[in-house]
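If you read the sequence shown in this note's numbering, its first letter stands for residue 105, the second for the next number, and so on.
Idealized CB from N, CA, C, for every residue including glycine.
Structure first, then comments.
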Amino acid sequence: MLPKELQSAKEALYDREGITGNNWTSRIGSWQRGEAAPDPIPALPDWAQAQGLDAVVWTALGPRFNGQAILPTADQVVQYLRTLTGAVRDNAERYVRCAPRQIDTEYRRRIESDLGWSHWECGAIAF
105 MLPKELQSAK EALYDREGIT GNNWTSRIGS WQRGEAAPDP IPALPDWAQA QGLDAVVWTA
165 LGPRFNGQAI LPTADQVVQY LRTLTGAVRD NAERYVRCAP RQIDTEYRRR IESDLGWSHW
225 ECGAIAF
């Protein structure tokens, strides 16, 4: 991916997520082939190579739940997901199921056990 394309991808994510403020670049993470893995995501280069990706962008936002800057419990996450219907629920389910398998968190384990949303091999997809 060329630097201009990577910048465009970051700006598109910024727009999609509705990120505001002058320091928006600190809220969008990125990596491209040849760079060291980001500290919190040491397996990223291997995952990207397996997916055939030259670069990856992601949100680097803090936690938010019910409009507050708090980290929800696994119970709260599962309960929230149970309230979703229609396309919103379908999109949430696809997002959870298509997250890379190495994203092994308490949230994911609870969602899988309580809702049955087991992992799907989706490859590189856009949401």
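Please state whether DSSP places residue i in a helix, a strand or coil.
i, result
"aspartate 119", "helix"
"serine 112", "helix"
"glutamate 216", "helix"
Could you tell me if residue i is buried or exposed, where buried requires 16 or more neighbouring beta carbons within 10 angstroms of its beta carbon?
i, result
"valine 192", "exposed"
"arginine 212", "buried"
"isoleucine 132", "buried"
"alanine 173", "exposed"
Our contact map puts residue i next to residue j with C-beta atoms below 8 Å; I'd like the distance itself, whole angstroms only.
i, j, result
"leucine 148", "valine 161", "That belief does not hold up - the Cβ atoms of leucine 148 and valine 161 are roughly 11 Å apart, past 8 Å."
"isoleucine 232", "valine 181", "Look at the range of the chain in this structure, 105 to 231, and you will see that residue 232 is not part of it."
"threonine 163", "leucine 219", "Not quite, the Cβ-Cβ distance comes to about 23 Å (not below 8 Å), so this is no contact."
"arginine 137", "aspartate 158", "5 Å"
- Contained beta strand (DSSP E) runs [length at least 3] in the segment 121 to 209, N- to C-terminal order: Unbroken beta strand (DSSP E) runs of no fewer than 3 residues, entirely contained in the segment 121 to 209, are found at 132 to 136 and 159 to 163, following chain order.
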